[in-house]
Structure formats: C-alpha cells, structure tokens
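In what follows, a structure is listed as structure tokens, so that the remarks can point back to it.
There are 2 protein chains.
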Amino acid sequence: MAEQLKDLADDRALLGRTSTAERVSDILRSRIAEGYFPPGTRLSEDSIGGALGVSRNTLREAFRLLTHERLLVHELNRGVFVRVLTVEDVEDIYRTRRLVECAVVRGLGEPPYGLDGLTGAVEEGRRAAREGDWKSVGTANIHFHRELVALAASERTAELMRSVFAELRLAFHVVDEPQRLHEPYIARNVAILEALHGGDREKAESLLVGYLDDSLERVVEVYRRRVGEDG
Amino acid sequence: MAEQLKDLADDRALLGRTSTAERVSDILRSRIAEGYFPPGTRLSEDSIGGALGVSRNTLREAFRLLTHERLLVHELNRGVFVRVLTVEDVEDIYRTRRLVECAVVRGLGEPPYGLDGLTGAVEEGRRAAREGDWKSVGTANIHFHRELVALAASERTAELMRSVFAELRLAFHVVDEPQRLHEPYIARNVAILEALHGGDREKAESLLVGYLDDSLERVVEVYRRRVGEDG
DNA sequence: ATTGAGGGATCGTTGAACAATCCTCTACGG
DNA sequence: CCGTAGAGGATTGTTCAACGATCCCTCAAT
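Taken in sequence, the protein lines are chains A and B. For reference, each letter of the first sequence is one residue, going 109 to 339 in our numbering. For reference, each letter of the second sequence is one residue, going 109 to 339 in our numbering.
In structure tokens:
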C-alpha cells in the first residue's frame, strides 16, 4: 500500500501539468528550438492565439513562461520576440558554463560517481553522428553537459543551467553549420567521461576548460560572421 | 555628441520600465522581503487587488512573476502563498551558494580587484550593527555576497544568485533571531575582504567555505526547531 | 532630408461572467 | 460524543469583449 501511494505521488507532477498555458509554452518552445520561429521573429498575440485556439490571457501566460526562460524578449507595447543573442550574450553563457561546470567537477566527492546519465548522453551523440544527424549531435552534447551539472545534485543549479543551455541552443541555430560545430566535441566528451570514471577530477576539469574555450571561440567566430551578414 | 548619445542609451532602460503588473510585483516583492507578508501568508486576489486598485488579471500576472522567482507558491484553486522554505530548500540554497561563490573567488584573475562594492557592503553592515538593526545587518550580509558574485562580471550568474538570495531572505524571516544569525558574520566578511585585498584567493575561498558551512548549520538548526513548533 | 499629423494595428488593462473547486457550517446517524 | 455527508458561500480558473494607450507606417508640408 505504501508503495502504491508513492507511485501516485510520482504521477502527481504529470497531473498538475494540465495547465493550458504550459502546454502552449511547450509547443512554442519546441517550435523555437527546431527553428520554426527563427530569432527575431515577433510572436503576435492575435495570430498565434487564433491559430492555437487559446485566449489572449492564456497565451500571454505562455509567453511569460518563455520570457522567463530567456527564449523570448518582451518589449512594452510591442509584443514578444524570439530572442536574438548578441556576441556578448554568447560570451556570458560560456562564462557561466565555465564557472558552474568546473565548480561541479571540482566539488565532486570521492568516486565512484553516478555516471549513467553522462554515458547515456555520449551514446546518444554517437548514434546521431552515425546517422549524420548533426543537429541531434548538438542536442546530445547539451544533454551531456546537463547531466554533468546534475552531478552536483542541486535543484537550483540544475535549473539555472537548463535555462543557459536553452539559450545556447538559440546560438547554435543561428550558426547553421552543425557538423563543424558539434562533431569535434563527441570525442572530448568521451575523454571527460573517462577521466571521471578514473576518478581524476583535475584532468576532467582541465579537459572541460579546454573544451569550453575552444567551443566558445568557434561559436563566436562563426556567429560574428553570421551577424555581420544581417546587419 | 557621441558620448551624449551613449549616456542617453544608458537611460533607456529606465524609460521602458512601466507595466502595471511589474510595478505591482515590485511592491509585493519588497513587502515580502521586509517581512510584511511573512512566509505562509495567503495573498488573496480580492483583498490585494482591491487595496492596490488593480484588476484581478493584472494582479494574477504580478503573482506569476513572483511565482517564477520562487517567492510565491501557487496552489491550484487555493491561491498563492508566500513561500515556506523546507530544510531541503535551505540546504540546496547553500549548496548553490558554495558552488557559485567559491567558483567566483577561484576564477578571479590577478589583483587588484574592484572591491568597492564589497567595501561598501561591509560598511553598511557595521553601521547597522552599531544601531542594533540586526535585520539590516542580514541585508548587508546578503549585499556583501551579491557584490562578491558581481566580481565574476557575468550577468547570468548574478541573476541566478539574486534569486537565490531573495529566497534566503525568506528563511531569515522564519528564523527570527536576527542578532544571533547575522552578527557573527560581519567580522568574517571583513576577513574575506582583507584576503581579497591581499590577493590571497585561496585564503578567501577557505574562509568562504567555513563561513557558508557555519551559516548553513546555524540556520538549519534554528529552522528545524522553528518548523517543529508549527507542525 | 527632416518634421509632423493621421490612420491602422497591436498591446495593456479592466470588468464581467460562468464553471470548478475549496472551505465552513450544519444536520444526521452511530 | 464522534464521525460523516451534504448544502451553501467564498474563492479561484478561464474566457471574452471592450476601451484606451502606444507604436509603426505612410504621406504631405516645410
């Protein structure tokens, strides 16, 4: 009986999910992630509300959720727009990643660690690479680092980084050279994972620093060129 | 001329700041921070909306903003309540603080650092202590650590910690022994500041770790007793 | 080329309405 | 006396329509 009650408690999160606004925000979030709404797009209350068949109030609540995740920006009396990251934003994202991810690795106790999540993310990336699905490789790389942060076992830290990684995806989408951007990092994730398996935190951290510095450099380089085209 | 335009651009942020929902949330946020609405208080739509002279829709938007900041919790069909932190919440807050604040100190480059903000916060705490205003001492301590995080010069990191510190204040309100809770840490902040002045990052970090561990222990101890009373 | 006025579109906010849910109080039966 | 069931009131959840405010675009005038 106690077990059944526990199972029910686990399902409770799913039940509470019945809010219309949350479902709408789920839809919009994946649309944005897949590039259906490119950065800079204005999301009109009228047209989207009409298309989805929800009231303006509900839609605005969904917008608010996504604004808080930094996927949308709100301009008073002008509406909401899909966020356009500046180069400074990208640099700040990597600054935050370096700060937090390195701190997580450094703060790990003695091995063994729970590395199942990381292993799964690596496998996900390898599979996507075999199929030449480079966008999914990028997603898998993000999953790897999300799992890395999860090792800190801190709800708040995990949530901050979830939002940071969502922003990063915006940058990836602008860049539009997925293979060049994501392929090199599969091997580096593996190296980090192996260092952790061996309990060598220092090595893992230095690999991580190198990873992030290289990745930032590459993203910014392509990003700057890309932004230069438009402006 | 170019300089004047730049100054104007800086003021732009102030101009765009007018939305009734945001202003309402600003009011409620400071009321919560000062303890006018203690944790556990239910915020009725009718009474607050009436008192502030805003419509229910607008008020609910303000509630949502604060719910996203974790200052309020929303219970379906029951309304919103000022958040009551659990012991686990407090532990996670300190876990996050330790991770981030230590990483900030460790990630500092070579001295000198911009320590004006920290110095100002220390002075603020000393002044409040002289006047026996222990709640303000707690606020000053939070300011000190906010300034510490600001040394990382990362907008995202600063924003995460701003929210974490706001949550922490909720715990302080429950504890209600401000002198015992805040006084000992004035001297420890000074010690950290001096270590940073001397460029000794390692010492500053170890002082910080000791500070956070002690503070957590003390808050949790009193907090557990306090929660036990009510339940 | 710059300025200013007008019009259309969109957002911000309000008020009302109705359904759903919760809380309290009462009455009933054991 | 205690526990339970139910009625009623109060509060929230959700949607809709309306009006004012703001922004953007166009076009004419200087």
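Glycine included, every Cβ here is placed at the ideal spot set by N, Cα and C.
- Linking residue 330 of chain A to residue 312 of chain A through their CA atoms gives a straight-line distance of about 27 Å.
- A straight line joining the alpha-carbon of residue 278 of chain B with that of residue 142 of chain B spans about 9 Å.
- Sequence-distant partners of residue 257 of chain A (beyond 5 residues in either direction) whose C-beta falls short of 7 Å from its own C-beta, in its chain, are 208, 209, 212, 265, 266 and 269.
- Residues of the same chain with a CB within less than 7 Å of the CB of residue 326 of chain A, apart from the 5 flanking positions on each side, are 289 in chain order.
- Taking a Cβ-Cβ cut-off of 7 Å, the neighbours of residue 215 of chain B in chain A comprise 207, given in sequence order.
- At least one CB atom of chain A sits nearer than 8 Å to the CB of residue 262 of chain B.
- If you draw a straight line from the Cα of residue 320 of chain B to the Cα of residue 307 of chain A, it comes to about 26 Å.
- Of all residues in the region 244-271 of chain B, the ones placed with a Cβ closer than 7 Å to any Cβ belonging to chain A are 260, 262, 263, 264, 265 and 268, in chain order.
- Contact between residue 177 of chain B and residue 271 of chain B holds, with the beta-carbon distance rounding to 6 Å and staying under 8 Å.
- Within the same chain, 164 and 167 come within 6 Å of residue 157 of chain A by CB-CB distance, once the 5 residues on both sides are set aside.
- Around the beta-carbon of residue 184 of chain A, fewer than 16 other beta-carbon atoms lie within 10 Å, marking it exposed.
- Going by C-alpha positions, residue 231 of chain B is about 13 Å away from residue 250 of chain B.
- Considering only B:132, B:181, B:151 and B:187, the residue with the shortest C-alpha distance to residue 160 of chain B is B:132.
- In the structure shown, residue 259 of chain A falls within a coil segment according to DSSP collapsed to helix, strand and coil.
- The C-beta of residue 149 of chain A comes no closer than 8 Å to any C-beta of chain B.
- In the assembly as shown, residue 233 of chain B is a buried residue. Its beta-carbon has 16 or more other beta-carbons within 10 Å.
- The Cβ atoms of residue 263 of chain A and residue 200 of chain B lie closer than 8 Å to each other.
- Contact check for residue 174 of chain B against residue 275 of chain B fails: the beta carbons are separated by 8 Å or more.
- Ranked by how close their Cα comes to the Cα of residue 252 of chain B, the residues B:238, B:227, B:154 and B:237 have B:227 in first place.
- Interface residue (Cβ-Cβ distance to chain B less than 8 Å): residue 204 of chain A is classified as such.
- Leaving aside the five residues that flank residue 260 of chain B on each side, the residues in its chain whose CB is nearer than 6 Å to its CB run, in chain order, 212.
- As a beta-bridge residue in DSSP terms, residue 180 of chain A pairs with A:190.
- Residue 299 of chain A and residue 333 of chain B have their alpha carbons spaced roughly 47 Å apart.
- A distance below 8 Å between beta-carbons, with the five flanking residues on each side excluded, links residue 195 of chain A to the following residues of its chain, in chain order: 328, 331, 332 and 335.
- In the structure shown, residue 216 of chain A adopts coil according to DSSP, grouped into three states.
- Judged by their CB atoms, residue 301 of chain A and residue 223 of chain A are nearer to each other than the 8 Å cut-off.
- Contact between residue 247 of chain B and residue 190 of chain B is absent: CB atoms are separated by about 18 Å, not below the 8 Å threshold.
- Burial is judged here by how many other beta carbons sit within 10 angstroms of a residue's own beta carbon; residue 140 of chain A has at least 16 and is buried.
- Counting the other CB atoms within 10 Å of its CB gives residue 170 of chain B a total of 16 or more, which places it among the buried residues.
- Contact of residue 127 of chain B with chain A by beta-carbon distance below 7 Å involves 184.
- Interface with chain B (8 Å Cβ-Cβ cutoff): residue 162 of chain A is excluded.
- With its beta carbon at least 8 Å from every one in chain A, residue 198 of chain B lies outside the interface.
- Under the three-state reduction of DSSP output, residue 289 of chain A falls in the helix class.
- Here residue 204 of chain A is buried, its C-beta having at least 16 other C-beta atoms within 10 Å.
- A direct Cα-to-Cα measurement between residue 303 of chain A and residue 206 of chain A gives close to 18 Å.
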